[in-house]
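Read in order, the letters of the sequence shown correspond to residues 3 to 140 in our numbering.
Quick reminder that beta carbons are idealized off the backbone N, C-alpha and C, glycines included.
All values derive from a computational prediction rather than experimental measurement.
Here is the structure we will look at.
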Amino acid sequence: MTLREPESMDECVYFTNRAVGKGKVRAWVLREQCPKCGKGLMGKPRDRKTGKPMIRAEEYECPECRYNVPKEEYENTLTINVKYTCSKCSNEGEGSAPFQWKKVQRLNEETGKKQSIDSIRLICSKCNEKIDVTRKMK
Ligand SMILES: [Zn+2]
Ligand SMILES: [Zn+2]
Numbered sequence: 003m004t005l006r007e008p009e010s011m012d013e014c015v016y017f018t019n020r021a022v023g024k025g026k027v028r029a030w031v032l033r034e035q036c037p038k039c040g041k042g043l044m045g046k047p048r049d050r051k052t053g054k055p056m057i058r059a060e061e062y063e064c065p066e067c068r069y070n071v072p073k074e075e076y077e078n079t080l081t082i083n084v085k086y087t088c089s090k091c092s093n094e095g096e097g098s099a100p101f102q103w104k105k106v107q108r109l110n111e112e113t114g115k116k117q118s119i120d121s122i123r124l125i126c127s128k129c130n131e132k133i134d135v136t137r138k139m140k
């Protein structure tokens with residue numbers, strides 16, 4: 003399996019590239035075709051006056067048929083693609099998972115306390131170490 007990498011940010015609903023300990027995580031979610039008409043790429047609705055996408059809109063819209071879906075509902079149907087370098091064994095791998103944030107317990111390295119954060123978790127194919135793509139970058 004080879005993951006298709008985005009050529010530009012315009013293709014993505016979500017993109018991140020970060021260092022995690024000694025490892026690396028690069029993750030992206032590609033926009034997909036409209037489930038109704040199959041012609042348009044679903045995206046944030048555009049401002050009718052300026053033509054600019056409304057980044058903070060809580061919905062996605064098809065530019066062709068105007069099919070409209072709430073943000074959460076649409077994003078839950080997408081797939082997140084991940085390329086990683088495992089921080090434990092340095093294995094380079096890739097995988098994908100449903101684009102659904104789940105609460106996981108993680109140790110905050112600064113405070114030493116456990117905290118609950120939104121994350122999408124993959125497992126290193128070599129050593130089974132958890133690879134977390136966290137929602138917010140701290
Ligand atoms: Zn459409
Ligand atoms: Zn590993």
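By DSSP, does K132 sit in helix, in strand, or in coil?
In the three-state DSSP reduction, K132 falls in the strand class (E or B).
Spatial neighbours of A29 in its chain, beta-carbon cut-off 7 Å, leaving aside the 5 residues before and after:
Cβ neighbours of A29 within its own chain (closer than 7 Å, five residues either side excluded): T18, I82, N83, V84 and V135.
Reduced DSSP secondary structure (H/G/I, E/B, other) of D12
Judged by DSSP in its simplified three-state form, D12 adopts helix.
Going by Cα to Cα distance, which pick from N70, Y16 and G23 is closest to G42?
The shortest Cα separation from G42 among N70, Y16 and G23 belongs to N70.
Use the C-beta contact count for V31: other C-beta atoms within 10 angstroms, 16 or more gives buried, fewer gives exposed.
With 16 or more other Cβ atoms inside 10 Å of its own Cβ, V31 counts as buried.
How about the stretch 116-132 and the stretch 88-97: do they share at least three Cβ pairs that are nearer than 8 Å?
The answer is yes - the stretch 88-97 touches the stretch 116-132, with three or more Cβ pairs under 8 Å.
Can you name the residues that DSSP bridges to Q35?
Paired residue(s): L43.
Please report how far the alpha carbon of E13 lies from the alpha carbon of Q35, in whole angstroms.
Answer to the nearest angstrom: the Cα atoms are 11 Å apart.
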